[in-house]
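Novice: In terms of my numbering, the sequence shown is numbered consecutively and its last residue is 157.
Glycine is no exception: its CB is placed at the ideal position from the N, C-alpha and C atoms.
As the structure is a computational prediction, the values presented were derived from the model and not from experiment.
Take this structure first; my questions come after.
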Amino acid sequence: MTLDIYTDGGCSGNPGPGGWAYVVVQKTFQGDSIVAEEWGGERDTTNNRMELLAVISALKAMKARTDLGREDDPRQFTVHTDSQYVQKGITEWIRTWKRNSWKTSEKKPVKNQDLWVELDALSEELAAAWEWIKGHAGNPYNERCDSMTQRAMAEL
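If you want it as structure tokens, here you go:
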């Protein structure tokens, strides 16, 4: 059994009201099933913060699941994000940011450092693979996340 996590974040205006969502899909030889999903939002935020919060929220949920010690919970999963900012940030850029005391190559503070620090800690605890997927390209779980993100924004 494997788990795939799909995430999305969005913002109406940038900054403006924003939403985030995730869907956790269990894949077995019998087919796929959604085992968890959640969404939320903030009144004044940015698209990148919402993308990061979607992933952080999903990883926190995974950590809570695996902390229960259930034998049927996998310890490995793949995070699918349509945000290259998140995917490249956590797999490539973060090492340099940390080495440079959270400064960019232009010597400016890394934006959203609070969320990057939280994501870094979670990703070190959990063995996640990271995959970028094209948004709005027909992936049903990415589309579901997008719909929930829009719903979160509408509910603000």
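1) Cutting at 8 Å between CB atoms, please list the residues of its own chain near residue 32, excluding the five before and the five after it.
2) Could you check what DSSP says for residue 132 in three-state terms: helix, strand or coil?
3) Out of curiosity, what's the CA-to-CA distance linking residue 7 and residue 99?
4) Let me make sure I understand the geometry here. Which of 86, 64, 9, 36 has the alpha-carbon closest to that of residue 117?
5) Which class does residue 151 belong to by DSSP, given the choice of helix, strand or coil?
6) On the three-pair Cβ rule with 8 Å, is the stretch 8-28 touching the stretch 38-46?
7) What alpha helix (DSSP H) runs, 4 residues minimum, are completely inside the stretch 28-114?
8) According to DSSP, is residue 22 part of a helix, a strand, or is it coil?
9) If contacts are defined as beta-carbon pairs under 8 Å, then residue 129 and residue 79 qualify, I think. What distance do you get, rounded to the angstrom?
10) Might you give, ordered along the chain, the residues of its own chain that have their beta carbon closer than 7 Å to the beta carbon of residue 120, omitting 5 neighbours on each side?
11) On a CA-only basis, which of 126, 143, 124 is nearest residue 133? Give me that one, please.
12) Apart from the five residues just before and just after residue 103, which ones in its own chain have a Cβ nearer than 7 Å to its Cβ?
13) Where does the unbroken beta strand (DSSP E) through residue 139 begin, and where does it stop?
14) Is residue 1 near residue 24, with beta carbons less than 9 Å apart?
Specialist: Taking the coordinates as given:
1) none
2) strand
3) 26 Å
4) Distance check between residue 117 and each of 86, 64, 9, 36 places 86 closest, using alpha-carbon atoms only.
5) Annotated three-state conformation of residue 151 is helix, per DSSP.
6) yes
7) List check, alpha helix (DSSP H) in window: 48-68, 85-89, 95-100.
8) The answer is strand: DSSP assigns residue 22 an E or B state.
9) 7 Å
10) Leaving aside the five residues that flank residue 120 on each side, the residues in its chain whose CB is nearer than 7 Å to its CB run, in chain order, 53, 56, 57, 91.
11) 143
12) These residues qualify, in order along the chain: 110, 111, 114.
13) Element bounds for residue 139: n/a, residue is neither H nor E.
14) Past the edges of the chain, shown from 2 to 157, lies residue 1, and the structure says nothing about it.
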